[in-house]
Amino acid sequence: MKITDLKVFPVSQFVYVKITTDEGIHGIGEASLSGRSLAVVETLGHLKPLLIGQDATRIEHIWQDIFRGTFWRGGPVMQSALAGIDIALWDLAGKALGVPTYRLLGGATRDKVLVYRHVGGGTPEQLVENSHRLLEEGWKVLRISPIDTIEGGFNPKLAVLRGVEHFSALRKAIGEETEVIFEVHTRLTPIRAIELCNALEEYRPFFVEDPIRSENPASFATLREHTNVPIGTGEQLPTKWLFRELIERELIDYIRVDICHSGGITEGKKIAVMAEVHYQELACHYTASPVSTAAMLHLKMSVPNCAVQEYAPSSGWMNEVLQHDLRTEDGYLLPTDVPGLGIDLNEEAAAAHPHTPSEPPHLRREDGSVQDW
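Each position in the sequence shown, counted from 1, maps to that position plus 352 in our numbering.
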């Protein structure tokens, strides 16, 4: 089964990949990288000649050739492009054999995958109201990010105070049983993160997500030494090598890999195996797209160390561009028996929603200096 074509579809802020073979079977992948989509599109165009004529079943070989076949390796742009190709090949493999992709990854290790929903609210009252609504709908895990409500320049001290205020009000309103993830979005220094984590400990977070930037394991060692709350990070890390020290030194508890930024299902499976040795579980980040959601679902169906998965229902034009059978029940994402990942792309609908130029927010502190986003 030879690869005959690779098409790239920049759709709004997303990037989709379609790989076609000489047997008339195609696979769909995702290579989205928020705010840097066009860089990924150009990279995919550069990689296309390497793929034409390749045996589409040699997924690991193709992955290694793209990653290691030249002098320069990795980086979020290259790894997102590679992810799109890899996910499409795994989708294609399942379709060719007539089985769901997770069957090719080792088979089901579970019946369904727990997901979490985002909860917004500019005030504690709004946060509580929105949380009650989601819990009444049957969702079991919530994710909050109170520091996103700060306006007029980022103030780290205010971020800590605001976060504790919101979480305290939420716990009083919903009780102790509901799991709550607290998202910091890498905006604190280690010392401020320690202050926040210690203040949140009594409210028993599922984990604190990205309390600091992900690049420096030594800073996570400092954080780990001074706080007891569970910690999750990883959505910024594009390779297993960048996860290695965090995993091996047991500096984090939940692996927040985004397989659309880190080389796809192939790399995600390896990171999961590394984490399994240290009893750490996946809590995957996603790009807010059904392709990303489906790819993570199949990965998590196949690994033993799965904690939770980020999720939001798709709607509107997204469901016109992407056909899928993603279903949830009682707070869980359910697998299907559809061959491959269970997704397809409508090229005409994709063309009706072209790339939308945008730049991620550039935050500033109150003194005008750059603040991590």
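Even glycine gets a Cβ: it sits at the ideal position worked out from N, Cα and C.
Please report the straight-line C-alpha distance between residue i and residue j, rounded to a whole angstrom.
i: isoleucine 411; j: arginine 716; result: 43 Å
i: alanine 511; j: threonine 541; result: 12 Å
i: cysteine 636; j: threonine 645; result: 10 Å
i: lysine 509; j: arginine 455; result: 49 Å
i: isoleucine 564; j: glutamine 632; result: 19 Å
i: alanine 704; j: glutamate 577; result: 52 Å
i: glutamine 588; j: glutamate 477; result: 32 Å
i: valine 655; j: lysine 621; result: 8 Å
i: tryptophan 415; j: glycine 615; result: 8 Å
i: glycine 397; j: isoleucine 377; result: 21 Å
i: histidine 484; j: glycine 387; result: 33 Å
i: leucine 486; j: phenylalanine 419; result: 41 Å
i: leucine 399; j: alanine 521; result: 51 Å
i: alanine 659; j: alanine 383; result: 24 Å
Who does residue i pair with in a DSSP beta bridge?
i: serine 364; result: His707
i: arginine 495; result: His470 and Ile533
i: glutamine 661; result: Val467 and Cys636
i: arginine 679; result: Leu686
i: leucine 697; result: Leu674
i: glutamine 723; result: Leu715
i: aspartate 407; result: Lys354
i: glycine 692; result: Pro452
Are the beta-carbon atoms of residue i and residue j separated by less than 9 Å?
i: leucine 760; j: arginine 469; result: Nothing can be reported for residue 760, as the shown portion of the chain is limited to 353 through 725.
i: asparagine 657; j: glutamate 619; result: no
i: glycine 584; j: leucine 552; result: no
i: tyrosine 368; j: valine 722; result: no
i: methionine 670; j: proline 709; result: no
i: histidine 676; j: serine 666; result: yes
i: glutamate 600; j: tyrosine 638; result: no
i: leucine 358; j: leucine 403; result: yes
i: leucine 697; j: phenylalanine 361; result: yes
i: cysteine 320; j: alanine 435; result: The structure shown does not extend to residue 320, since the chain spans only 353 to 725, so no value can be given for it.
i: proline 401; j: valine 690; result: no
i: leucine 651; j: alanine 624; result: yes
i: alanine 479; j: histidine 537; result: Contrary to the premise, residue 479 reads as leucine rather than alanine in this sequence. Against a cut-off of 9 Å, the Cβ pair of histidine 537 and leucine 479 comes out as no contact.
i: leucine 693; j: tryptophan 442; result: yes
i: threonine 591; j: glycine 426; result: yes
i: isoleucine 496; j: isoleucine 533; result: yes
i: alanine 440; j: threonine 409; result: no
i: tyrosine 606; j: proline 582; result: yes
i: glutamate 531; j: lysine 492; result: yes
i: lysine 354; j: glycine 421; result: no
Go ahead and pull the three-state DSSP assignment for residue i.
i: threonine 585; result: strand
i: phenylalanine 559; result: strand
i: leucine 358; result: strand
i: threonine 373; result: strand
i: glycine 421; result: coil
i: histidine 484; result: helix
i: histidine 398; result: helix
i: serine 566; result: coil
i: asparagine 580; result: coil
i: aspartate 500; result: helix
i: arginine 544; result: helix
i: histidine 613; result: coil
Give the range of the beta strand (DSSP E) segment to which residue i is assigned.
i: aspartate 443; result: Looking at the DSSP string, aspartate 443 is not in any beta strand (DSSP E); the run it does join, the alpha helix (DSSP H), is 428-449.
On the DSSP letters alone, give me the boundaries of the alpha helix (DSSP H) that residue i sits inside.
i: glycine 379; result: First-last for glycine 379: 378-382, but that is the beta strand (DSSP E), not the alpha helix (DSSP H).
i: histidine 518; result: 508-526
i: tyrosine 454; result: 453-456
i: valine 655; result: It is not in any alpha helix (DSSP H) - valine 655 carries neither H nor E in the DSSP assignment.
i: valine 609; result: First-last for valine 609: undefined, no H or E at that position.
i: methionine 626; result: 616-629
i: leucine 598; result: 592-600
Is there a C-beta anywhere in chain C that falls below 9 Å from the one on residue i?
i: threonine 530; result: Chain labels in this structure do not include chain C; a single protein chain is all it has.
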